[in-house]
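Residue numbers (my numbering), protein chains in the order written: chain A, 1 to 303; chain B, 1001 to 1186.
In structure tokens form, the structure reads like this:
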């Protein structure tokens, strides 16, 4: 197969990538054949060769697609107990894409989202699926990062900072970035880390062996080993809530709308409108994980 | 085909090889069928039931729409105030039991719960819900902390009370002498 295609590419003088799909004979797909117009036998040969190449290529592909088509129904029929969850294929065809925006210019660090997440997802004390950091840029150039206590700074033992020393300060809520190319998913040795049809990274508690490989792989540090279950645990953007058209618990619990959750595929969603209005960035963009969590913050300043 | 030759002593090593391949691959298929869940691969490279189980978790946190079904007056008050983005649970707690009770009561109209304003006290609101006039509720958000955006109303309580000439500075419900929770005014 490759041999024939090579003949086509080299002999025809076509360098464009789609020459295999569009025969050179009609000069539409390639960059233009450089042969003289009277070289008709060569042209005929090329036309025939490309036709044969494409024909045999499609013939080799046909049985493959036939296999795929015939496999899927048989898998569905093999386990009748799951037939009632027929909503998944519908979701896939709609291609729901969820997104998240964190507005660091609105967050006031009350910590209500932290309590809400703990209650909603039964997260043990001392561990967190989401947390809030406070970045304090002092006038002397140093940067201090505090962890916001769950009850907020108002009742905490953390010594207050003198406002006259501070250049600027802001709160940065952190949660799962739901990367499109999630490193945590790729390293799981037992396929317990998986991506839902909506693009949410989840953990299968029955499959997870608690090896913590994913905990190390996540560049954002959002995974941890739950001491109660021994499994990897992580923020799921409250998958169970968003499947019922509810917002994630932290979004529900934010009194200043600093967390915005919505569908990226819906141009009318508040998320898309906010994203269009203000410049946003993602964390650790250089890692190429393509997060679906966006931040209203100076690019590179928040890490 | 010369079967005699194939089963002669000279091809013993070949037969061993064939035996090993057949039993080995058969064993491998058996082990795989036992180890891989039946629904693996149904919607992707994972156990489909895991997706269903995670999606079936109950929602703990109640959304405002549940509260506003009964407490209709609050929505009006709140929508035009600076507290428009504040949701019920921020001040009143989650109220899951309260809602469960209310849903039970809806089946028996004689025990129907009334909205807070005209509540006659008949219905036992055994709740984790607090209708409190406690300054701590307000200050959990409005205490001035380094890092808060300028647009947000953060106060130093002592200064604010002094400026306003509050009489009972130490009273728990001192905020509510001037402000109303649902529409605080400024």
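Backbone N, C-alpha and C fix where the C-beta goes; we use that ideal spot for every residue, glycine too.
What whole-angstrom Cβ distance do residue 296 of chain A and residue 104 of chain A have, given they're in contact under 8 Å?
Taking the first chain and counting its residues from 1, the one referred to as residue 296 of chain A is at position 296. Taking the first chain and counting its residues from 1, the one referred to as residue 104 of chain A is at position 104. 6 Å between Cβ atoms; contact.
Cα-Cα separation, residue 123 of chain A to residue 226 of chain A:
Mapped onto the first chain, residue 123 of chain A falls at position 123. Mapped onto the first chain, residue 226 of chain A falls at position 226. Rounded to whole angstroms, residue 123 of chain A to residue 226 of chain A spans 8 Å at the Cα level.
If you measure between the beta carbons of residue 234 of chain A and residue 203 of chain A, is that distance less than 9 Å?
Counting from one through the first chain, the residue named residue 234 of chain A turns up at place 234. Counting from one through the first chain, the residue named residue 203 of chain A turns up at place 203. Yes; because the gap between Cβ atoms is below 9 Å, this pair is in contact.
Contact set for residue 35 of chain A: own chain, Cβ-Cβ below 6 Å, skip 5 residues either direction:
Along the first chain, read from residue 1 onward, the residue named residue 35 of chain A stands at position 35. Low local confidence applies: a pLDDT of 44 at residue 35 of chain A is under 50, so the model's placement there is unreliable, with the coordinate-based value given in what follows. Around residue 35 of chain A: no qualifying Cβ.
Sub-9 Å separation of residue 184 of chain A and residue 211 of chain A beta-carbons
Along the first chain, read from residue 1 onward, the residue named residue 184 of chain A stands at position 184. Along the first chain, read from residue 1 onward, the residue named residue 211 of chain A stands at position 211. In this structure, residue 211 of chain A does not lie closer than 9 Å to residue 184 of chain A by Cβ.
Quick one, which of B:1071, B:1140 and B:1025 has its alpha-carbon nearest residue 151 of chain A's?
For the purposes of this step, residue 151 of chain A is identified with residue 151 of the first chain, where counting begins at 1. Nearest C-alpha to residue 151 of chain A: B:1140.
Mind checking which residues open and close the beta strand (DSSP E) that includes residue 98 of chain A?
Here residue 98 of chain A refers to the residue found at position 98 of the first chain. Unbroken beta strand (DSSP E) run through residue 98 of chain A: 98 to 103.
Quick one: does the C-beta of residue 1174 of chain B sit closer than 8 Å to a heavy atom of the ligand MG?
In the structure shown, the ligand MG is absent, as is every other ligand, since no ligand is present at all.
For the segment 277 to 288 of chain A and the segment 120 to 135 of chain A, state whether three or more C-beta atom pairs, one from each stretch, are separated by less than 8 Å.
no
Put residue 1028 of chain B into one of helix, strand or coil per three-state DSSP.
If you number the second chain from 1, residue 1028 of chain B lands on position 28. Helix, per DSSP.
Between residue 240 of chain A and chain B, is there a C-beta pair that is closer than 9 Å?
For the purposes of this step, residue 240 of chain A is taken as residue 240 along the first chain, with counting starting at 1. Cβ-Cβ to chain B under 9 Å: yes for residue 240 of chain A.
Cβ of residue 1122 of chain B less than 9 Å from any chain A Cβ?
The residue you call residue 1122 of chain B lines up with position 122 of the second chain. At residue 1122 of chain B, the pLDDT of 45 sits below 50, so the modelled position is not reliable; the number obtained from the coordinates is stated separately. Cβ-Cβ to chain A under 9 Å: no for residue 1122 of chain B.
Counting only beta-carbon separations shorter than 9 Å, does residue 1134 of chain B have a partner in chain A?
On the second chain, residue 1134 of chain B is found 134 positions in, with the first residue counted as 1. Interface with chain A (9 Å Cβ-Cβ cutoff): residue 1134 of chain B is excluded.
Taking CB distances under 9 Å as the criterion, tell me whether residue 292 of chain A reaches chain B.
Numbered from its first residue, the first chain carries residue 292 of chain A at position 292. Taking Cβ atoms only, chain B never reaches closer than 9 Å to residue 292 of chain A, which makes this a no.
Indicate whether at least one CB of chain A lies closer than 9 Å to the CB of residue 1147 of chain B.
Position 147 of the second chain holds residue 1147 of chain B. Closer than 9 Å: yes.
Could you confirm whether any beta carbon from chain A is found closer than 9 Å to the beta carbon of residue 1045 of chain B?
Working through the second chain from its first residue, we reach residue 1045 of chain B at position 45. By this cut-off, residue 1045 of chain B is an interface position.
Just how far apart, CA to CA, sit residue 1057 of chain B and residue 52 of chain A?
Position 57 of the second chain, counting from 1, holds the residue named residue 1057 of chain B. Position 52 of the first chain, counting from 1, holds the residue named residue 52 of chain A. Answer to the nearest angstrom: the Cα atoms are 56 Å apart.
Please list the partners that residue 1025 of chain B has in chain A, where partner means a Cβ-to-Cβ separation under 9 Å.
The sequence position of residue 1025 of chain B within the second chain is 25, counting from 1. Chain A residues near residue 1025 of chain B: none, gap ~20 Å exceeds 9 Å.
Unbroken stretches of the beta strand (DSSP E), 3 residues or longer, contained in the segment 207 to 252 of chain A:
none
Residues bridged to residue 193 of chain A (per DSSP)
Position 193 of the first chain, counted from the first residue, corresponds to residue 193 of chain A. Per DSSP, A:203.
Could you give the distance in angstroms between the alpha-carbon of residue 180 of chain A and the alpha-carbon of residue 289 of chain A?
Along the first chain, read from residue 1 onward, the residue named residue 180 of chain A stands at position 180. Along the first chain, read from residue 1 onward, the residue named residue 289 of chain A stands at position 289. Approximately 6 Å, taken between the alpha carbons.
May I ask you to list, following chain order, the residues of the segment 1059 to 1071 of chain B that have a beta carbon less than 7 Å from some beta carbon of chain A?
1059, 1060, 1061 and 1063
Just to make sure I have the definition right: I need the residues of chain B whose C-beta is within less than 7 Å of the C-beta of residue 152 of chain A. Which are they?
For this step, residue 152 of chain A is matched to residue 152 along the first chain. In chain order: 1140.
Buried or exposed for residue 1174 of chain B, please, with buried defined as at least 16 other CB atoms from any protein chain shown within 10 angstroms of its CB.
Here residue 1174 of chain B is taken as the residue at index 174 of the second chain, counted from 1. Classification for residue 1174 of chain B: buried.
Would you grab the beta carbon distance between residue 291 of chain A and residue 178 of chain A for me? Rounded to a whole angstrom, and I think it's under 8 Å.
Along the first chain, read from residue 1 onward, the residue named residue 291 of chain A stands at position 291. Along the first chain, read from residue 1 onward, the residue named residue 178 of chain A stands at position 178. At roughly 7 Å, the Cβ-Cβ gap stays under 8 Å, so residue 291 of chain A and residue 178 of chain A are in contact.
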